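Student:
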Amino acid sequence: MTEEMDVARLMRAEVESAEQPSAVLNIEQAMSTGRRQRWYGRGAGAALAAVVLAVGAVTVPGLVAPDRPSAPSLEMVGALAPLEPFTGQVPSPGSSRIPAVLEMVDPTVQYVRFGWLPSGLNGVQYQVGLLLSGPGVSLIGHAAGSPQPNSWGGVAVSLYPKGVTPSAPQVIGIDGRAPTVSTVPAPQVRGAAATFTQYDVEGTDQLCLRWQYAPDGWAEVRVAPWASGQDAREIALHVAQKLTLSTTERVRMPVQVTGVPQNLRPILTDVGGPLTSDGTRWHAGVTYSAEPPTANPGSQRAKTLDVTFSPYFKMTDKIRTELNGKLPPQPNTTVDGHQAYFTPGGGPDWLESLTVYDVHGLTVSIDAHRGTLAEQGTKELFQQLDLTGATPNWRTALVVD
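Sequential numbering from -19 applies to the sequence shown in my numbering.
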């Protein structure tokens, strides 16, 4: 199982260097928002997914302290020392909970939100549904910097459905797991026994705090240090204890997708946005599949419909420099009076793509594999979307205000 936090590093490297759709995107919709969203990466500091202009960027009051200086060197972080028993103060747990183990994962549900985050994080992302590793829930806070190039720093929360046990992080580019440095008992998390496990991921440490949110249902908080002087154990415990959990809250979206054929069902929802004024830019998208949930994950992801929203921005010299040549495609048509870029389906994979610019301040992207829209094309689906209430100042609901 390739872990979503490690995939984030691969995504960032792809944003930096590749012209073809991201390898992560080709591992299909697990850590992505849309095949072309890599245009919006903010350079080396970009977190993994579609990031768009900071018109919606806000700092969450009382949640994130002022940013620390830029990321220190690896030596300053001081990774890989064996774990010691934690003797510090453990915050009191929140009262919210998931009453029973998740038998299935509903891509429309907001199962978890952050109630507390440390300083130094500039973006947050939530994915729910069919992730790369299988059905699951992932909530990630991305650090503004990282100890070394192509490494990920931040905090990640994972909830696993019934019977799935967390495993060691996958080492990118190597067919193997990160070696365990040490494992020690942790203080109870939300009333359940817990453990700390530290892994050596390409010379840097990642700490995993694990407990059961319900019988036979595992939860995990992973911390990859991004600054000197951090106690990953303290961060992990504080994050875990202050999580807000739910099985009834719905994922907040900037636009409700309408007009999707009834034979398609959502398999993944992906939203993200900034925590600071210079953080990653917001995005929101839904992936649909015509395959039944009993089909193998590869089949479910093979032919999909993706609908993605992000703020529209006008190209400036500054943004052009930030994008480092990875520019969005120039419009080649118009749809309902809006400039758009359209690519008809063709080739063995047959993917029809439509990007419509400046629709009530948004960019709307629709990608459809053959058969997902039947006779209806991406242009017709776009015309059925209700965008009247859309705003570029939309913000995610991934942290508790």
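Positions of the beta carbon are idealized from the N, C-alpha and C atoms, including for glycine.
Keep in mind the model is a prediction, meaning the values are calculated, not measured.
I need the DSSP call for R375, collapsed to helix, strand or coil.
Tutor: Position 395 of the sequence shown, counted from the start, is the residue given in the question as residue 375. Coil.
Student: What distance in whole Å lies between the Cβ atoms of T352 and L285, which are believed to be in contact at a cut-off of 8 Å?
Tutor: Against the sequence shown, residue 285 aligns to sequence position 305. Against the sequence shown, residue 352 aligns to sequence position 372. 4 Å between Cβ atoms; contact.
Student: Tell me whether R190 sits in a helix, a strand or coil according to DSSP, three-state version.
Tutor: Locating residue 190 in the sequence shown gives position 210, where the first residue counts as 1. R190 falls in the strand class under three-state DSSP.
Student: Examine the Cβ distances between the segment 245 to 254 and the segment 305 to 312 and report whether three or more of them are shorter than 8 Å.
Tutor: The segment 245 to 254, when compared against the segment 305 to 312, does not touch it at the 8 Å Cβ threshold.
Student: For G278, does the three-state DSSP call read helix, strand or coil?
Tutor: Residue numbering aside, residue 278 sits at position 298 when the sequence shown is read from its first letter. The three-state secondary structure of G278, taken from DSSP, is helix.
Student: Of the residues A370, F322 and G327, which one's Cα is nearest the Cα of D347?
Tutor: By 1-based counting over the sequence shown, the position of residue 347 is 367. Comparing Cα-Cα distances from D347 to each of A370, F322 and G327, the minimum goes to F322.
Student: Opposite P87 in the DSSP bridges: which residues?
Tutor: To locate residue 87, count along the sequence shown from 1; it is residue 107. Answer by DSSP bridge pairing: none, since P87 is not bridged.
Student: Need the endpoints of the alpha helix (DSSP H) that D297 sits in, please.
Tutor: As a working mapping, residue 297 is identified with position 317 in the sequence shown. Run containing D297: D297 to L303, per the alpha helix (DSSP H) assignment.
Student: For A377, which residues of its own chain have a beta-carbon under 6 Å away from its beta-carbon, when the five flanking residues on both sides are left out?
Tutor: On the sequence shown, residue 377 is found 397 positions in, with the first residue counted as 1. R232, listed in sequence order.
Student: Mind checking D297: buried by the 16 CB within 10 Å criterion, or exposed?
Tutor: Taking the first residue of the sequence shown as 1, we reach residue 297 at position 317. Under this definition D297 is an exposed residue.
Student: Tell me whether E355 sits in a helix, a strand or coil according to DSSP, three-state version.
Tutor: Indexing the sequence shown from 1 puts residue 355 at position 375. Correct three-state label for E355: coil.
Student: DSSP state of A123, grouped into three classes?
Tutor: Counting from one through the sequence shown, the residue named residue 123 turns up at place 143. Residue state, collapsed to three classes: strand.
Student: Within a Cβ cutoff of 7 Å, which residues of the same chain sit near G95, ignoring the five residues on either side of it in sequence?
Tutor: Along the sequence shown, read from residue 1 onward, the residue named residue 95 stands at position 115. Cβ within range, chain order: G74, K222, L223, T224 and V380.
Student: DSSP beta-bridge partners for T238?
Tutor: Counting from one through the sequence shown, the residue named residue 238 turns up at place 258. DSSP links T238 through a beta bridge to no other residue.
Student: From P372 to R261, what distance separates their C-alpha atoms?
Tutor: Here residue 372 refers to the residue found at position 392 of the sequence shown. Here residue 261 refers to the residue found at position 281 of the sequence shown. Straight-line Cα distance between these residues: approximately 11 Å.
Student: If you reduce the DSSP assignment to three classes, tell me which class A158 lands in.
Tutor: The count along the sequence shown starts at 1 and reaches residue 158 at position 178. Here A158 sits in coil by DSSP.
Student: Indicate the three-state DSSP secondary structure (helix, strand or coil) for A26 in the structure shown.
Tutor: Taking the first residue of the sequence shown as 1, we reach residue 26 at position 46. Caution applies to A26, whose pLDDT of 32 falls short of 50 and renders its modelled position unreliable; the value that the coordinates give is listed next. Looking at A26 - three-state DSSP - the assignment turns out to be coil, as it is neither helix nor strand.
Student: So, is D185 buried or exposed, given that buried needs 16 or more other C-beta atoms within 10 angstroms?
Tutor: For the purposes of this step, residue 185 is taken as residue 205 along the sequence shown, with counting starting at 1. With 16 or more Cβ atoms within 10 Å of its Cβ, D185 is classed as buried.
Student: By DSSP, does A148 sit in helix, in strand, or in coil?
Tutor: Counting from 1 along the sequence shown, the entry for residue 148 is found at position 168. When DSSP states are grouped into helix, strand and coil, A148 belongs to the coil group.
Student: State whether the segment 80 to 97 contacts the segment 169 to 176, with contact taken as three or more CB pairs (one from each stretch) at a distance under 8 Å.
Tutor: no
Student: Bridge partners of A174, per DSSP?
Tutor: Within the sequence shown, residue 174 is the residue found at index 194, counting from 1. DSSP lists A166 and W191 as partners of A174.
Student: Excluding the 5 residues preceding and the 5 following I120 in the sequence, name in chain order all residues of the same chain whose CB lies nearer than 6 Å to its CB.
Tutor: Indexing the sequence shown from 1 puts residue 120 at position 140. Closer than 6 Å at Cβ, skipping near neighbours: Q105 and A136.
Student: For R230, count the other beta carbons within 10 Å of its own beta carbon; 16 or more makes it buried, fewer makes it exposed. Which is it?
Tutor: What you label residue 230 is simply residue 250 of the sequence shown in a count that begins at 1. The residue is exposed, with fewer than 16 neighbouring Cβ atoms inside 10 Å.
Student: For H218, which of helix, strand or coil comes out of DSSP?
Tutor: Indexing the sequence shown from 1 puts residue 218 at position 238. Helix at H218.
Student: Would you mind stating whether S269 and I299 have Cβ atoms separated by less than 7 Å?
Tutor: Here residue 269 refers to the residue found at position 289 of the sequence shown. Here residue 299 refers to the residue found at position 319 of the sequence shown. No.
Student: Use the C-beta contact count for G156: other C-beta atoms within 10 angstroms, 16 or more gives buried, fewer gives exposed.
Tutor: Here residue 156 refers to the residue found at position 176 of the sequence shown. It is exposed - the Cβ of G156 has fewer than 16 other Cβ atoms within 10 Å.
Student: For G109, which of V81, A320, P79 and P141 has the nearest alpha-carbon?
Tutor: Taking the first residue of the sequence shown as 1, we reach residue 109 at position 129. The candidate whose alpha carbon is nearest that of G109 is P141.
Student: Take G265 as the anchor and find which of S72, P234 and R245 has the nearest alpha-carbon.
Tutor: Residue 265 sits at position 285 when you count from the first residue of the sequence shown. Closest option to G265, Cα to Cα, is P234.
Student: From the DSSP output, in three-state form, read off A370 for me.
Tutor: As a working note, residue 370 is residue 390 in the sequence shown. Three-state DSSP puts A370 in coil, outside helix and strand.
Student: With DSSP as the reference, label L361 as helix, strand or coil.
Tutor: One-based indexing of the sequence shown puts residue 361 at position 381. Three-state result, L361: helix.
Student: Among residues of its own chain, excluding the 5 on either side of E83, which ones have a beta-carbon nearer than 8 Å to its beta-carbon?
Tutor: Within the sequence shown, numbered from 1, the residue matching residue 83 stands at position 103. So the list reads P141 and K142, once near-sequence residues are dropped.
Student: With 16 other CB atoms within 10 Å as the buried threshold, where does Q90 fall?
Tutor: Taking the sequence shown and counting its residues from 1, one reaches residue 90 at position 110. It counts as buried.
Student: Can you tell me whether DSSP reads A212 as helix, strand or coil?
Tutor: Residue 212 sits at position 232 when you count from the first residue of the sequence shown. It is helical.
Student: Does the Cβ of E271 lie closer than 6 Å to at least one heavy atom of the ligand MN?
Tutor: With respect to small molecules bound, the structure shown includes none, and the ligand MN cannot be examined in it.
Student: To the nearest angstrom, how far is the alpha carbon of F293 from that of T343?
Tutor: Along the sequence shown, read from residue 1 onward, the residue named residue 293 stands at position 313. Along the sequence shown, read from residue 1 onward, the residue named residue 343 stands at position 363. Straight-line Cα distance between these residues: approximately 8 Å.
Student: State the Cα-Cα distance for the pair H318 and T274, rounded to the nearest angstrom.
Tutor: The count along the sequence shown starts at 1 and reaches residue 318 at position 338. The count along the sequence shown starts at 1 and reaches residue 274 at position 294. The straight-line gap from Cα to Cα measures roughly 40 Å.
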